[in-house]
Structures are given as C-alpha cells and as structure tokens.
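J.: Below are the structure tokens for one structure; questions will follow.
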C-alpha cells in the first residue's frame, strides 16, 4: 500500500512511525504546512492526488477545512481514504460516503470513535448478523477524567479541568469536550452505522458538563450515585432517539467504575444482547493503531464504508424518559418531584421535554445543570 | 455456504435457527443421535463428509469423543471447520491446526472463548499490528455468578451453586467450572493465539473456587476486596507465565463490578495498551451468533486458523508474584505475613511456589483455599 499522509501532529506522527515499521505499508508523502524535517514532507496536497501509485490517503489533520476539500479531492482521484476526523465525517456524512461509493473506493474512519477501540469495525461486524437495537457509552476521555477526578478527589470543576489540560487530555479551548459536541459527533457516526441512517447533528439533544459543581457531585455521592457523560441512541417502535447527557449511575454499576480517560461503549443487539468495549479513547498510539488497522483492513480486501444505506431519519427524543436532577434559578415548580441538594429531582419526563425546558431556562440562568437519573434496566 | 451441522443441543439449535434466517447459509445436514424432528436430520456422520457440496462443518456436540474423530475427518475431507468446543481445541491444538493447514481449509473456534464475545477474532486482528504482552480476565460465567451472589447476597457456596444450577448456568457436575478447568482451556487457546505458541495444559497452574466459604468472602469484604476467578497470561524477558486463580481486587476496580454470568477479558498490547471486551460469556444466542459470525468470516474470504506458528513453549510461573490469602489447616508459618480472618496473608511468592505448596497441603487438607491479592498496576 502506497500512502499519502495528511497531517503530522500527534496522531500523524504515530501513524508514520507504525507504518514505517511494516513492509506492507509505504508512506510516500506527508503533507504539513510546517517544516517537519522528514524526507516524505510536502506542502502540496496535489502531490498526493496526482501520484497514480498512491492508493490510500490518510487524513489526520483535524478540523473541517481544508480537510473536507482534501478528502473529497482524494476520493475523486480514486484513492481510498482513512481518517480519524469525527467532526469531518459527522458533518459531511452523506457527501463523503456517497462520493466513496460512486468512486468505488473505501472510506474508513474507525479511529474517529473510541480512539484505540475498534468500535465502528465491531459495529459493522455485528450488523452482518443482527439488528442493533441500542448504543450507549462513555465516548469522551476528557470529560470522564474531569468527572472521575471531581468524584474521587473532591476537586472543583475548574481545578479538574486545569489538571486535564496540564496532562494534555483537554485542549486550551475545552468547549467541544465539556459541552458534549465531541461525544455528539461520535454518537452520530455510531448511530448512522448501527441503524443504517443519516442523522442531522442539529436534531441530537446534548447536555454538557460545563456547569457541574462540586456541590452537585456531593449531592450525587450522598445518594451512592456517580455522574458520567453518556451518549445513548436507540430505536423502538419505529422511532429513533439520540442524545448526550450527564447521567447518574449506581456507584456499583460497571460504567460508574470507568476511570480517568477511558471509554466504555456498548451495543445491544437482538440475539447476542449487550456487548461492551473498554479501552483508551484517545492518545497517539491507540488512535494511530486504529488508523493503521483500517489500512490493514483495506489490504485484506475491504473496499467500502461500514454501512451501505443512509436513510434520512428524524430524531425523536420524546420516547426516552428519565427523572432529572435539575439545578437552576429558573422556576422548576411544575417539574419538581423532590428536593435534591441545590437542585430538584424532577418527575419523569422525556429528553425532548427537558431539552426544551433547558433551552428556555438558559436565557435566564446560563449556569443551569441537568443530569438524568439512569432507570434500572 | 453449504453446512453440515454436528450437534443439535442448546447451541446447535441456535445456530440452526440463525442460519435458517439467512440466504447465504444453507444447513444441509444436522447430525444427532437423538431423533430431532427436522428434515436435515441424520445419524450418519459420513453424510456430511461424503457430500462434495458441503464446504463447512460446524461442530457443537461438545466433549472430546467422537468430536475429535469427526472434526479430523471433516478437515481431511477438505471441509472448513467451525467449532465452539474449547475442550477439543485445547486438547488437540497441534493436530487440528496442522491438519487444517495441510488441507488448506479454515479452522475457526471464536465461540470457544467468551461465548458471545468475538475475543479470538479481536486477538487475531490486534496481532496483525502489535505484539500482545498480556491477557487477563473473567472467562467463566458460572463461577462469576457464584462469586457475585456470595459477595452481594451473603450466600454460602453451596446455595450459590444450587441457584446457578437452577438457572442453567452450572451443570449437574459443576467440576469443570468450579475447579477452573473450563477457564484453563479458554486461557490456553487465547495464549496460544496471542503469543503464537502451543502450551501444554498440564503446565498451567489452576486454583479453583470449590473451597471458598462465606467466611472467606466476609474477610475480603471487610478489607474492601472482591474475589473473582481470573485467568492471566503474560510474556516477560522471554518467560511465559500462564495461570488461573481466585484473585482479590479492590472493590472499585472495573473487573470487580462484573455482575452475574458476564465475562470481561482484556489484552494488553505494545502500542494500544489495555483493551477489554465485556459481554455474555455463554448462552444459546450469544454463542450461536459467534459460530455464525465465523461462517460469515469464511464467506468473506478467511481461510485459516487465527495464528500461523505454534512453537512449543514451557510455562514458567516463577515470574508471576503475589501475596496470597491462604486458608488451610496445613502449616503456614513459613509463608505467613499476617493473620486474615480464618486464614493468613502470605509474603510475596510466585504462582509456581504457591502451586507447589498447595499441591502438598491438599493431601492433608482437601479444603484448602487460596486467592491472590492483586498487585496495583
């Protein structure tokens, strides 16, 4: 396999190193605007597309532009594309999967969800035999690191975030992580592939952890509950529910024990039931290894995307119901069932209802925080 | 794919049902000595081998004989073989893998380890890129059900075992489960594939849970420890350690939270680090689904066993060191570091040393129980 590698940051350098150690992979070009001091370096993306011997382009630049233009150009030039860029694939899902199909080339993005976990590949495999009925999990290491540290060590959100930044788990601008957008992109990709659909990112309800306080965490702890940022999607009676929300789990639940920056992602299928994958959700080598594994899959004959179809399907979060911990200065009288610390526990309500309430309340109280109380299953 | 199915018990009937629902799989024969009332029924194994159109034989009869003779005959007749029979593959590993290679047919047994978890397939996949340095996990649902029930509900071993039998998790003769032999076979297969070796089952040290008492469990609980039956294998400095032992984990460890009959199995690799698989370790549909997934892998072009080589390698458990909880009427003065409930906590010693001690002590005290104290990693 002759590879054109786009991006030489943390992941790119890892991919380069792993590929270099193998006889079956040759990195011919490495595209980067910075001078990176390796013989394969180029600043001209066209070098990759015009070289007829390059069969596979790996995109690990991140961001939407020019990643989108480069990936589209690579597919149009008849190259297989492997990417770790969830934001890109979630945003241009229909365009890129259709283009790959049209050009009869492979388009793979296993490293985009779960870092080192071969999650999308496993979803594709189980779907050969069984319908997937639900997905759920911890899909973001940064927020799990923050929540774990708050619960175990009594840190404030700000201190836990600073620590995550110092360790390189969180970016200087942590918004995409703490507001749940990173998780949303990963969930959208997973649900698209699991259910053979194409979802609109704007329809997915997302509650983040930006506003969680140490008092909130204390309130949960005193009730033997642990807060985790969970992504969830399911199909039931023809409806598709897809949402991201802080969720209160029994302390003794397996998901509650997921430490530091690890991910635990689960699918539930018609025959096998629940199957979970647990591993490092990010990091140079885990992510780079999944990128290289995608290349090895291409070598073994894979020539396509994970799912064939992509029906436009509307998200309907009125079918997912929870009691919520709700802390806000807005009026909660109509919703509250009992007082919980600084907030209330609401009556059972749907994710869609809570999203509508929170959207309105946010204008009055930007510090509002909500967390769903996990119903026993 | 034209299939000859051998065995129509719990798993066999599940495979039959799943295969029937697919256009790409045809079950032409079902071998069973009992009259099973389906049109594909036969009592003549030769029917499967002599039919040139049968390309794949599925063996889910269980036991060593005549399963071994039938599987060998199928391979010799040029059929691919898929089996869920860990005892068979662990016992005749060299013979069967060599025979498959010689005949250039596929030999797959994903359902033999982890029930519904695609564990062996995942091991094969990760090995394409990275050396596996260690394996560890809960590989037996029956014993995990018993241990969970003793810890959570304060049951005696006998009551917990009876409940497991009533629920169909444990067999009438539960020896293979509670003495750790079932786990040993699964560990041997996993280690053979992970490390490209062929291990001798007799060299693997195995401590079971037959003798655990509710007082032992209480002693662990008072120290915030949870006892799980763990399989472990690792390679270090050219040595290969492979053993099965009750292991005391911190209550808050992820592995300590594995409930009922679930399995959690982990590999640790050079680049990606630890990756765990969590799912139902047994049951009709999980196991049958993995058998059928093996068939789908064959359809997609897989034509071999999981690992190519199989060097004879000696187990050396002198390199694995633990402190042990040891309860016995035999003399423990030379080993003991402190008193723990009915037993003692030993000084650090190797698995090999503890195995030698236990072997000798058993003559005097058949009720001896040992559990390793998991060292922090």
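Residue numbers (the working numbering), protein chains in the order written: chain F, 1339 to 1715; chain W, 1339 to 1715.
The C-beta atom is built at its ideal place from N, Cα and C for all residues, glycine as well.
Using a Cβ cut-off of 8 Å, pull out every chain F residue sitting near residue 1468 (chain W), in sequence order please.
T.: On the second chain, position 130 is the one that residue 1468 (chain W) refers to. Ordered by position in chain F, the residues that pass the 8 Å Cβ test against residue 1468 (chain W) are 1627.
J.: Any C-beta of chain F sitting closer than 7 Å to the C-beta of residue 1473 (chain W)?
T.: Taking the first residue of the second chain as 1, we reach residue 1473 (chain W) at position 135. Cβ-Cβ to chain F under 7 Å: no for residue 1473 (chain W).
J.: Please state the DSSP three-state secondary structure of residue 1608 (chain W).
T.: Counted from its first residue, the second chain places residue 1608 (chain W) at position 270. The answer is coil: DSSP assigns residue 1608 (chain W) none of H, G, I, E or B.
J.: For residue 1538 (chain W), tell me which candidate among W:1548, W:1474, W:1651, W:1545 has the shortest Cα-Cα distance.
T.: Taking the first residue of the second chain as 1, we reach residue 1538 (chain W) at position 200. Selected option, being the one with the closest Cα: W:1651.
J.: Name, in chain order, the residues that DSSP records as bridge partners for residue 1570 (chain F).
T.: Numbered from 1 along the first chain, position 232 holds the residue referred to as residue 1570 (chain F). Answer is F:1474, F:1581.
J.: When Cβ atoms are compared, which residues of the stretch 1546-1572 of chain F fall closer than 8 Å to chain W?
T.: So the list is empty, because no residue satisfies the distance condition.
J.: Residue 1590 (chain F) touches chain W at which residues, Cβ-Cβ below 7 Å?
T.: As a working mapping, residue 1590 (chain F) is identified with position 252 in the first chain. Those are 1595, listed as they occur along chain W.
J.: Restricting to Cα atoms, I'd like to know which of W:1361, W:1393, W:1359, W:1348 is closest to residue 1367 (chain W).
T.: If you number the second chain from 1, residue 1367 (chain W) lands on position 29. The option with the nearest alpha carbon to residue 1367 (chain W) is W:1393.
J.: Within 10 angstroms of its Cβ, does residue 1523 (chain W) collect 16 or more other Cβ (buried), or is it exposed?
T.: Within the second chain, numbered from 1, the residue matching residue 1523 (chain W) stands at position 185. It is buried - the Cβ of residue 1523 (chain W) has at least 16 other Cβ atoms within 10 Å.
J.: Do you know how far the Cα of residue 1461 (chain W) is from the Cα of residue 1466 (chain F)?
T.: Residue mapping note: residue 1466 (chain F) aligns to position 128 of the first chain, counting from 1. Residue mapping note: residue 1461 (chain W) aligns to position 123 of the second chain, counting from 1. Roughly 20 Å separates the two Cα atoms.
J.: Could you pull the start and end residues of the alpha helix (DSSP H) that residue 1479 (chain F) belongs to?
T.: Here the question's residue 1479 (chain F) lines up with position 141 in the first chain. It spans 1479-1491 - the alpha helix (DSSP H) in which residue 1479 (chain F) sits, taken as one unbroken run.
J.: Can you give me the start and stop residues for the beta strand (DSSP E) that residue 1692 (chain F) sits inside?
T.: Stepping through the first chain from its first residue, residue 1692 (chain F) is reached at position 354. Note, residue 1692 (chain F): premise wrong, no beta strand (DSSP E); alpha helix (DSSP H) at 1689-1702.
J.: Let me confirm a value: residue 1496 (chain W) is counted as buried when at least 16 other C-beta atoms fall within 10 Å, else exposed. Which label applies?
T.: Taking the second chain and counting its residues from 1, the one referred to as residue 1496 (chain W) is at position 158. By the neighbour-count rule (16 or more Cβ atoms within 10 Å), residue 1496 (chain W) is not buried but exposed.
J.: Measuring only the C-alpha atoms, how far is residue 1657 (chain F) from residue 1581 (chain F)?
T.: For the purposes of this step, residue 1657 (chain F) is taken as residue 319 along the first chain, with counting starting at 1. For the purposes of this step, residue 1581 (chain F) is taken as residue 243 along the first chain, with counting starting at 1. If I take the Cα positions, the gap works out to 11 Å.
J.: Could you work out which residues of chain F lie near residue 1455 (chain W), taking near to mean beta carbons separated by less than 8 Å?
T.: The residue you call residue 1455 (chain W) lines up with position 117 of the second chain. Those within 8 Å of residue 1455 (chain W) in chain F are 1613.
J.: Leaving out five residues before and five after residue 1430 (chain F) in sequence, what residues of the same chain have Cβ atoms less than 6 Å from its Cβ?
T.: By one-based count along the first chain, residue 1430 (chain F) stands at place 92. Answer for residue 1430 (chain F): 1406, listed in chain order.
J.: Kindly indicate if chain W contains any beta-carbon less than 7 Å away from that of residue 1623 (chain F).
T.: As a first step, residue 1623 (chain F) is located in the first chain; it is residue number 285 there, counting from the start. Interface residue, yes.
J.: Specify whether the stretch 1602-1619 of chain F and the stretch 1339-1348 of chain W touch according to this definition: at least 3 beta carbon pairs, one from each stretch, less than 8 Å apart.
T.: They do not touch, by the three-pair rule.
J.: Can the beta-carbon of residue 1479 (chain F) be found less than 7 Å from the beta-carbon of residue 1518 (chain F)?
T.: Locating residue 1479 (chain F) in the first chain gives position 141, where the first residue counts as 1. Locating residue 1518 (chain F) in the first chain gives position 180, where the first residue counts as 1. Contact flag unset, no.
J.: Count the other CB atoms within 10 Å of the CB of residue 1667 (chain W); is the residue buried (16 or more) or exposed (fewer)?
T.: Position 329 of the second chain holds residue 1667 (chain W). Exposed, since its Cβ has fewer than 16 Cβ neighbours within 10 Å.
J.: Please confirm if the stretch 1577-1594 of chain W is in contact with the stretch 1415-1424 of chain W, defined as three or more CB-CB distances below 8 Å between the two stretches.
T.: Contact between the stretch 1577-1594 of chain W and the stretch 1415-1424 of chain W is absent, because fewer than three Cβ pairs lie under 8 Å.
J.: Compare the beta carbon distance of residue 1395 (chain W) and residue 1378 (chain W) with 7 Å and say whether it is the shorter of the two.
T.: Counting from 1 along the second chain, the entry for residue 1395 (chain W) is found at position 57. Counting from 1 along the second chain, the entry for residue 1378 (chain W) is found at position 40. It is not a contact, given that the beta carbons lie outside the stated cut-off.
J.: Go through the stretch 1587-1633 of chain F residue by residue and report every complete run of the alpha helix (DSSP H) that reaches 4 residues or more, in order.
T.: List check, alpha helix (DSSP H) in window: nothing returned.
J.: On the DSSP bridge list, what partners appear for residue 1709 (chain W)?
T.: As a working mapping, residue 1709 (chain W) is identified with position 371 in the second chain. According to DSSP, residue 1709 (chain W) bridges with W:1663.
J.: Would you mind reading off the limits of the alpha helix (DSSP H) that contains residue 1522 (chain F)?
T.: One-based indexing of the first chain puts residue 1522 (chain F) at position 184. First-last of the alpha helix (DSSP H) with residue 1522 (chain F): 1519-1533.
J.: Check whether the Cβ atoms of residue 1570 (chain F) and residue 1501 (chain F) lie closer than 7 Å to each other.
T.: Taking the first chain and counting its residues from 1, the one referred to as residue 1570 (chain F) is at position 232. Taking the first chain and counting its residues from 1, the one referred to as residue 1501 (chain F) is at position 163. For residue 1570 (chain F) and residue 1501 (chain F), no; Cβs fall outside 7 Å.
J.: Is DSSP giving residue 1536 (chain F) helix, strand or coil here?
T.: Within the first chain, residue 1536 (chain F) is the residue found at index 198, counting from 1. Correct three-state label for residue 1536 (chain F): strand.
J.: According to DSSP, is residue 1465 (chain F) helix, strand or coil?
T.: Taking the first chain and counting its residues from 1, the one referred to as residue 1465 (chain F) is at position 127. In this structure, residue 1465 (chain F) counts as helix in the three-state DSSP scheme.
J.: Under 7 Å Cβ-Cβ, which residues of chain W neighbour residue 1639 (chain F)?
T.: Counting from 1 along the first chain, the entry for residue 1639 (chain F) is found at position 301. Within chain W, the residues near residue 1639 (chain F) are 1639.
J.: In this structure, how does DSSP classify residue 1381 (chain W) when only helix, strand and coil are distinguished?
T.: For the purposes of this step, residue 1381 (chain W) is identified with residue 43 of the second chain, where counting begins at 1. DSSP places residue 1381 (chain W) in coil when its eight states are reduced to three.
J.: Whole angstroms are fine: how far does the CA of residue 1576 (chain W) sit from the CA of residue 1654 (chain W)?
T.: By 1-based counting over the second chain, the position of residue 1654 (chain W) is 316. By 1-based counting over the second chain, the position of residue 1576 (chain W) is 238. Taking the straight line from one Cα to the other gives about 10 Å.
J.: Locate the beta strand (DSSP E) running through residue 1397 (chain W), then write down its first and last residues.
T.: Taking the first residue of the second chain as position 1, residue 1397 (chain W) is located at position 59. Run containing residue 1397 (chain W): 1394-1397, per the beta strand (DSSP E) assignment.
J.: Return the Cβ separation of residue 1664 (chain F) and residue 1682 (chain F) in integer angstroms, given the expectation that the two are a contact with Cβ distance under 8 Å.
T.: To locate residue 1664 (chain F), count along the first chain from 1; it is residue 326. To locate residue 1682 (chain F), count along the first chain from 1; it is residue 344. The pair is a contact, with the Cβ atoms about 5 Å apart (cut-off 8 Å).
J.: Whose C-beta lies closer than 6 Å to the C-beta of residue 1494 (chain F) among residues of the same chain, with five residues either side of it excluded?
T.: Residue mapping note: residue 1494 (chain F) aligns to position 156 of the first chain, counting from 1. Taken in chain order, the residues that qualify are 1552.
J.: Comparing the C-beta of residue 1492 (chain F) with each C-beta of chain W, is any distance below 7 Å?
T.: The residue you call residue 1492 (chain F) lines up with position 154 of the first chain. So, not an interface residue.
J.: My output table needs one value for residue 1346 (chain F): the three-state DSSP class, helix, strand or coil.
T.: Sequence index remark: in the first chain, residue 1346 (chain F) carries index 8 (1-based). Coil at residue 1346 (chain F), not helix or strand.
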